[in-house]
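Novice:
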Amino acid sequence: MSRGPPQRSRSVRAWSDPRALASAAGVGGAVIGLATLAWVAWSWSNSRASPGDQAGGDGRTVGGASGSRTRDGHGAKGIPSSRPTLSLAMPQTDEPTSEYLLRIRELLLPVIAQVFSVHLLLPADHESKSDAEILSCIQALSSKLKDIDGYDERRTMLHETESGKLTLARAIKCDAHVEVLMDSSRHEECTKTDMDAYHDAISRLRKSTSLLVFLVLPDPGHTASQDNGRIDSFLRPYSSGTRMARGDAEVRVLDLRQTSPAERAWREGAERLSALSKGWK
Numbered sequence: 027m028s029r030g031p032p033q034r035s036r037s038v039r040a041w042s043d044p045r046a047l048a049s050a051a052g053v054g055g056a057v058i059g060l061a062t063l064a065w066v067a068w069s070w071s072n073s074r075a076s077p078g079d080q081a082g083g084d085g086r087t088v089g090g091a092s093g094s095r096t097r098d099g100h101g102a103k104g105i106p107s108s109r110p111t112l113s114l115a116m117p118q119t120d121e122p123t124s125e126y127l128l129r130i131r132e133l134l135l136p137v138i139a140q141v142f143s144v145h146l147l148l149p150a151d152h153e154s155k156s157d158a159e160i161l162s163c164i165q166a167l168s169s170k171l172k173d174i175d176g177y178d179e180r181r182t183m184l185h186e187t188e189s190g191k192l193t194l195a196r197a198i199k200c201d202a203h204v205e206v207l208m209d210s211s212r213h214e215e216c217t218k219t220d221m222d223a224y225h226d227a228i229s230r231l232r233k234s235t236s237l238l239v240f241l242v243l244p245d246p247g248h249t250a251s252q253d254n255g256r257i258d259s260f261l262r263p264y265s266s267g268t269r270m271a272r273g274d275a276e277v278r279v280l281d282l283r284q285t286s287p288a289e290r291a292w293r294e295g296a297e298r299l300s301a302l303s304k305g306w307k
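For the sequence shown, my numbering assigns the number 27 to the initial residue and increments by one for each residue that follows.
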């Protein structure tokens, strides 16, 4: 049986701190634009928050020996007010975000948000350039994700690149980070340099979280695998025989590519992620 997540006592930077996000995003030309995305997301969410929320509602962190928790001010009945935090990062794909947004809304978030305080990182529409367009996109996505028990739609954020996604995840510093990989993820033109950069970014992320999970799912838009070995190449450094460096987060791989139909794989993925919350009990 796999051991539970490392029980770290550490402070977690509130997700809604724009200075923290902008500072982290400003490192490296590959993530240009991420600071703007984070700032727009923060500005919009703060504009919607009540004075009480801004004083200490959403984003308030509660440190403890069993890991940092986020206190949700609007948690539904039966949902713990103090839950471990989890960043759920969806990949860049050639499919419209709407193609799998329905799966996220119906199959992933309703289960995971019961036991984790979830921050959803979605790929930005590359046709959206201005702050106003990005803000409009965030609002539209958030409106589609509202009314999910336990999920605060204001924690919906956008990323423009794989590097930007991982930089944003490091800035948020959740207790657990989930990298969702799908067959249609944009790795067709991935070079060795790109692969090395991705693994380097993952290594840095492992210093700022307690648990890193690769959740591999079948693409809802395809009936047959489109992968051709790309995902295996990405996961190879995190095989069970890989040694952990001191201070690194544990890595787990939940590979559900062979589970069919796709809906069943997504449901099973949600249940297995939900079970991981027991490591913070």
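C-beta: ideal position from N, C-alpha, C; glycine also. These figures come from a predicted structure and were not determined experimentally.
How long is the line joining the alpha carbons of D201 and M116, rounded to whole angstroms?
Specialist: One-based indexing of the sequence shown puts residue 201 at position 175. One-based indexing of the sequence shown puts residue 116 at position 90. Approximately 17 Å between the Cα atoms of the pair.
Novice: With a CB to CB cut of under 7 Å and the five nearest residues on each side skipped, what residues in its chain are close to P246?
Specialist: The residue labelled residue 246 in the question sits at position 220 within the sequence shown. Excluding positions up to five away in sequence, the list reads E125, Y126, R129, A288.
Novice: From the DSSP output, which residues share a beta bridge with D281?
Specialist: In the sequence shown, residue 281 corresponds to position 255, counting from 1. BP columns for D281 point to V242.
Novice: Indicate the three-state DSSP secondary structure (helix, strand or coil) for S42 in the structure shown.
Specialist: Locating residue 42 in the sequence shown gives position 16, counting from the first residue. Note that S42 scores 39 on pLDDT, short of 50, meaning its location in the model is unreliable and no value can be drawn from it.
Novice: Can you pull the DSSP bridge partners for V113?
Specialist: Position 87 of the sequence shown holds residue 113. It is worth fixing the name first, because residue 113 is Ser in this sequence and not Val. According to DSSP, which records beta bridges pairwise, S113 is partnered with H145, H203.
Novice: Using only the alpha-carbon positions, how far apart do Q118 and S168 sit?
Specialist: Along the sequence shown, one-based indexing puts residue 118 at 92. Along the sequence shown, one-based indexing puts residue 168 at 142. Looking at the two C-alpha atoms, the distance is approximately 18 Å.
Novice: Helix, strand or coil: which one does DSSP assign to S234?
Specialist: Working through the sequence shown from its first residue, we reach residue 234 at position 208. Of the three classes helix, strand and coil, the one that applies to S234 here is coil, per DSSP.
Novice: So what does H185 bridge to, in DSSP terms?
Specialist: Translated into the one-based positions of the sequence shown, residue 185 becomes position 159. H185 pairs with P149.
Novice: Would you kindly report the start and end of the unbroken alpha helix (DSSP H) that includes P136?
Specialist: Taking the first residue of the sequence shown as position 1, residue 136 is located at position 110. Where P136 is concerned, the enclosing alpha helix (DSSP H) stretches over 135 to 138.
Novice: Secondary structure at S108, three-state DSSP: helix, strand or coil?
Specialist: Position 82 of the sequence shown, counting from 1, holds the residue named residue 108. The answer is strand: DSSP assigns S108 an E or B state.
Novice: Three Cβ pairs or more, each shorter than 8 Å: is that satisfied between the segment 216 to 226 and the segment 169 to 184?
Specialist: Touching, no, given that fewer than three Cβ pairs across the two stretches are closer than 8 Å.
Novice: Is the beta carbon of R131 closer than 8 Å to that of I174?
Specialist: If you number the sequence shown from 1, residue 174 lands on position 148. If you number the sequence shown from 1, residue 131 lands on position 105. Closer than 8 Å, so yes.
Novice: Check whether the Cβ atoms of R196 and L237 lie closer than 8 Å to each other.
Specialist: Translated into the one-based positions of the sequence shown, residue 196 becomes position 170. Translated into the one-based positions of the sequence shown, residue 237 becomes position 211. Taking 8 Å as the Cβ cut-off, R196 and L237 do not qualify as a contacting pair.
Novice: Considering only DSSP beta bridges, list what M208 is partnered with.
Specialist: Within the sequence shown, numbered from 1, the residue matching residue 208 stands at position 182. BP columns for M208 point to L243.
Novice: For L147, which residues from the same chain have a beta carbon less than 8 Å from its beta carbon, with the 5 sequence-adjacent residues on both sides left out?
Specialist: Walking along the sequence shown from the start, residue 147 turns up at place 121. Around L147: S113, L114, A115, M116, M183, L184, H185, K191, L194, A195.
Novice: Suppose the cutoff is 8 Å on Cβ atoms and the five residues either side in sequence are ignored; what does the same chain contact list for E297 look like?
Specialist: On the sequence shown, position 271 is the one that residue 297 refers to. Around E297: V137.
Novice: So, are the CB atoms of A158 and S189 less than 8 Å apart?
Specialist: Against the sequence shown, residue 158 aligns to sequence position 132. Against the sequence shown, residue 189 aligns to sequence position 163. No, Cβ-Cβ distance for A158 and S189 is not below 8 Å.
Novice: Can you give me the start and stop residues for the alpha helix (DSSP H) that W306 sits inside?
Specialist: Locating residue 306 in the sequence shown gives position 280, where the first residue counts as 1. It is not in any alpha helix (DSSP H) - W306 carries neither H nor E in the DSSP assignment.
Novice: To the nearest angstrom, report how far apart W292 and L241 are at their CA atoms.
Specialist: In the sequence shown, counting from the first residue as 1, residue 292 sits at position 266. In the sequence shown, counting from the first residue as 1, residue 241 sits at position 215. Each residue's Cα considered, the two are about 10 Å apart.
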